[in-house]
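Below: the structure, in structure tokens.
Have a look at this one:
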């Protein structure tokens with residue numbers, strides 16, 4: 001029998017009961033009293049409690065990633081004595097409605113592989129397994145990543161045109177987004193690295209521009225194209241400007257000269273290898289055609305529309321439809337509620353992607369279109 005409940009936003013007066021639910025529901029990875037309070041006071045995401053009279057029987061927390069259409073069910077828990085009575089199902093429906101009202105495309109979550117009751121509930125609500133995250137929790141247990149396409153979208157219309165899922169990889173340093181993106185493409189084309197953490201740094205050493213903005217230089221498109229070619233991929237390079245790129249990102253003339261020499265050597269090597277390079281705009285029409293041909297696109301974007309920092313950042317474009325560009329974002333998110341699952345096949349609205357595509361004052365664009373060598 002489904003219990004009649006009131007689903008309301010969490011308030012400070014619920015904190016003691018929320019602590020009890022957490023204590024009785026989880027042995028590890030518990031949300032602290034301080035974190036509950038922060039979620040409430042700072043209005044982070046959507047935080048609902050299920051009330052039966054004055055008693056809190058359960059809660060759910062939904063979090064959102066800025067500028068994307070992806071929501072994450074950060075946590076859902078019900079008092080043990082009130083489980084199997086429809087409380088979790090009602091909370092899940094509330095979480096989905098909240099995400100839908102935020103115009104999110106997907107709702108994702110993680111569950112312990114041995115939590116059979118929770119898995120049964122999510123599977124029954126049309127959530128689908130995406131992958132296993134080894135040693136995801138504090139006790140080193142594995143997690144199942146699940147996802148649901150929210151009801152207001154047509155699954156057939158937004159499916160990734162029959163493509164295999166592009167494997168996901170998180171960059172291990174703040175400056176190796178390009179190598180991590182290339183490693184994802186290599187895995188997709190079934191030429192994965194035997195030691196990806198080592199190869200990530202090797203690719204960076206091969207492709208770095210030496211200098212860019214501050215700290216270690218990221219990878220330039222010509223150097224990254226050379227690295228892809230060395231690893232058995234076919235490369236077509238699109239750049240918006242001829243010659244060395246990103247020279248505006250440093251002020252020192254000496255650094256600019258070094259950056260130019262590095263990139264000129266990469267450009268010459270690509271020419272010697274007969275790598276096709278187009279100078280000009282890379283259109284959405286071309287992107288659709290390349291993805292339809294089962295190629296993978298690695299693109300340079302600016303992170304400003306996502307986190308207000310003007311940093312160049314490489315991502316993998318996995319699919320596109322009439323509303324969204326879907327990316328694998330290798331970024332290392334520092335926030336504790338953000339997971340790698342939330343950065344795989346991220347749905348980015350087309351208008352948002354257009355603003356993000358390109359870097360610097362001159363909106364310099366760079367794209368590697370990758371495929372298996374024939």
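Residue numbers (full-length UniProt numbering): 1 to 374.
Here a beta-carbon is modelled for each residue, glycine too, at the ideal position from N, C-alpha and C.
**Message:** Do residue 314 and residue 223 count as a contact pair if the criterion is CB distance below 8 Å?
**Reply:** Working through the chain shown from its first residue, we reach residue 223 at position 223. Working through the chain shown from its first residue, we reach residue 314 at position 314. Residue 314 is positioned such that its CB atom lies no closer than 8 Å to that of residue 223.
**Prompt:** Using DSSP with H/G/I as helix, E/B as strand and the rest coil, what is residue 37?
**Reply:** For the purposes of this step, residue 37 is taken as the residue at position 37 of the chain shown. Of the three classes helix, strand and coil, the one that applies to residue 37 here is helix, per DSSP.
**Item:** Supposed contact pair residue 345 and residue 318 - C-beta distance, whole angstroms, cut 8 Å
**Value:** Residue numbering aside, residue 318 sits at position 318 when the chain shown is read from its first letter. Residue numbering aside, residue 345 sits at position 345 when the chain shown is read from its first letter. About 6 Å separates the two Cβ atoms, so the contact holds.
**Asked** What does DSSP give as the partner residues of residue 317 in its beta bridges?
**Response** The residue labelled residue 317 in the question sits at position 317 within the chain shown. In DSSP, residue 317 forms a bridge with 297 and 327.
**Item:** Integer-rounded CB distance, given that residue 172 should sit under 8 Å from residue 200
**Value:** Looking up residue 200 in the chain shown gives position 200. Looking up residue 172 in the chain shown gives position 172. About 6 Å; that satisfies the 8 Å criterion.
**Item:** DSSP state of residue 3 mapped onto helix, strand, coil
**Value:** As a first step, residue 3 is located in the chain shown; it is residue number 3 there, counting from the start. The three-state reading of DSSP puts residue 3 in coil, since its state is none of H, G, I, E or B.
**Request:** Give me the Cα-Cα distance between residue 5 and residue 83, rounded to the nearest whole angstrom.
**Result:** Taking the chain shown and counting its residues from 1, one reaches residue 5 at position 5. Taking the chain shown and counting its residues from 1, one reaches residue 83 at position 83. A direct Cα-Cα distance of roughly 13 Å separates residue 5 from residue 83.
**Prompt:** Thinking C-beta only, is residue 68 closer than 8 Å to residue 347?
**Reply:** Within the chain shown, residue 347 is the residue found at index 347, counting from 1. Within the chain shown, residue 68 is the residue found at index 68, counting from 1. A contact, by the Cβ cut-off of 8 Å.
**Prompt:** Helix or strand or just coil, what does DSSP make of residue 9?
**Reply:** Taking the first residue of the chain shown as 1, we reach residue 9 at position 9. Reduced to three states, the DSSP call for residue 9 is strand.
**Message:** Three or more C-beta pairs under 8 Å: does that hold for the stretch 135-150 against the stretch 110-127?
**Reply:** Three or more pairs of CB atoms, one per stretch, sit closer than 8 Å, so the stretch 135-150 contacts the stretch 110-127.
**Prompt:** Which runs of the beta strand (DSSP E), 3 residues or longer, sit entirely within the stretch 230-285?
**Reply:** The stretch 230-285 contains these whole beta strand (DSSP E) runs: 233-239 and 276-279.
**Prompt:** Going by the beta-carbon positions, is the gap between residue 183 and residue 296 smaller than 8 Å?
**Reply:** As a working note, residue 183 is residue 183 in the chain shown. As a working note, residue 296 is residue 296 in the chain shown. The answer is no: Cβ separation not under 8 Å.
**Prompt:** In three-state DSSP terms, what is residue 122?
**Reply:** Residue numbering aside, residue 122 sits at position 122 when the chain shown is read from its first letter. DSSP places residue 122 in helix when its eight states are reduced to three.
**Request:** Assign residue 21 to one of two classes, buried (16 or more other C-beta atoms within 10 Å of its C-beta) or exposed (fewer than that).
**Result:** Mapped onto the chain shown, residue 21 falls at position 21. The residue is buried, with at least 16 neighbouring Cβ atoms inside 10 Å.
**Message:** Tell me the rounded alpha-carbon separation between residue 44 and residue 132.
**Reply:** If you number the chain shown from 1, residue 44 lands on position 44. If you number the chain shown from 1, residue 132 lands on position 132. Each residue's CA atom was taken as its position, placing residue 44 and residue 132 some 27 Å apart.
**Item:** Complete alpha helix (DSSP H) runs within the UniProt domain "N-acetyltransferase" (5-151) (minimum length 4 residues, chain order)
**Value:** As far as the UniProt domain "N-acetyltransferase" (5-151) is concerned, its whole alpha helix (DSSP H) runs of at least 4 residues are 15-25, 33-41, 87-101 and 116-124.
**Message:** Cutting at 7 Å between CB atoms, please list the residues of its own chain near residue 99, excluding the five before and the five after it.
**Reply:** Numbered from 1 along the chain shown, position 99 holds the residue referred to as residue 99. If we look at residue 99 and ignore the five residues flanking it on each side, its Cβ neighbours are 62, 71, 107 and 150.
**Rounded straight-line distance, which links the Cα of residue 239 to that of residue 275** = Stepping through the chain shown from its first residue, residue 275 is reached at position 275. Stepping through the chain shown from its first residue, residue 239 is reached at position 239. Going by the C-alpha atoms only, they are around 13 Å apart.
**For residue 192, three-class secondary structure by DSSP** = One-based indexing of the chain shown puts residue 192 at position 192. In this structure, DSSP gives residue 192 a state outside helix and strand, which the three-state scheme calls coil.
**Message:** Quick check on DSSP: helix, strand or coil for residue 360?
**Reply:** The residue given as residue 360 occupies position 360 in the chain shown. Looking at residue 360 - three-state DSSP - the assignment turns out to be coil, as it is neither helix nor strand.
**Message:** In the DSSP output, what is residue 347 paired with across the bridge?
**Reply:** In the chain shown, residue 347 corresponds to position 347, counting from 1. Bridge partners of residue 347: 326.
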